[in-house]
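One structure below.
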């Protein structure tokens with residue numbers, strides 16, 4: 048009985064809703080406090096250019112001056128909504144949104160003015176946004 052319980056515990060997903068590829072990922076940008084909006088825009092423009100060169104990306108919408116994590120306007124923050132190509136074109140496991148977040152974050156590793164990191168949206172819109 049204990050063996051079956053352990054086996055099921057390892058097989059059943061731990062979350063309320065399992066994560067899934069929603070066809071887009073988010074990139075958040077953070078520059079030093081009081082960085083100007085022009086400086087933030089330069090960083091977001093450079094990362095956007097790098098993202099658009101990726102074969103799995105169909106489009107990027109970027110907003111400099113908005114902190115997606117704090118849901119507020121800040122001159123030293125930005126956010127990109129990275130739209131991925133259609134699922135029919137992303138057939139390998141490496142092209143899954145959950146696996147693309149790491150390489151997308153790596154595109155910004157050499158930035159001197161700030162940091163950028165990617166993450167997936169929550170499986171249910173509105174969860175974890177309070």
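Residue numbers (my numbering): 48 to 177. From the three backbone atoms N, C-alpha and C, an ideal C-beta is built for every residue, glycine too. These numbers were taken from a predicted model, which means no experiment stands behind them.
The alpha carbon of residue 102 has as its nearest neighbour, out of 88, 144, 69 and 48, the alpha carbon of 144.
DSSP places residue 124 within a strand segment (E or B) once states are collapsed to three.
In terms of CA proximity to residue 156, 93 leads the group 118, 70, 93 and 48. For residue 73, the enclosing beta strand (DSSP E) covers residues 71-77. The C-alpha of residue 50 lies about 29 Å from the C-alpha of residue 67.
Around residue 168, the same chain offers 69, 71, 72 and 73 as residues with beta carbons nearer than 8 Å, after the five sequence neighbours per side are excluded.
The beta carbon of residue 163 is closer than 6 Å to those of 74, 76, 94 and 155 in its chain, skipping five residues each way along the sequence. Partner residues in the beta bridge of residue 163, as assigned by DSSP, are 76.
For residue 99 and residue 54, the gap between their C-alpha atoms comes out near 43 Å.
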